[in-house]
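Numbering (our numbering), first residue to last: 2 to 45.
Ideal Cβ positions, reconstructed from N, Cα and C, are used throughout, including at glycine.
Presented below is the structure to which this report refers.
So, in structure tokens, the structure goes:
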């Protein structure tokens, strides 16, 4: 999706546990919900 929007050099990092310690953590585990850091640039 980022590349389709014109971004280049797209990098995706490892999965991050974004629900650790949250009230819905058990449900997030059940559905394997994780966040992913990403970085990209849009050429000028």
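| Item | Value |
| --- | --- |
| Using 8 Å as the Cβ pair cut-off and three pairs as the minimum, do the segment 2-9 and the segment 21-38 touch? | no |
| Please name the residue in 12, 11, 32 whose C-alpha comes closest to that of residue 18. | 32 |
| Of all the options 38, 43, 30, 45, which has the alpha carbon lying nearest to the alpha carbon of residue 14? | 38 |
| Starting from residue 36, follow its DSSP beta bridges and name the residues at the other end. | 17 |
| Between residue 12 and the rest of its own chain, which residues show a CB-CB distance below 6 Å, the 5 nearest in sequence each way excluded? | 40 |
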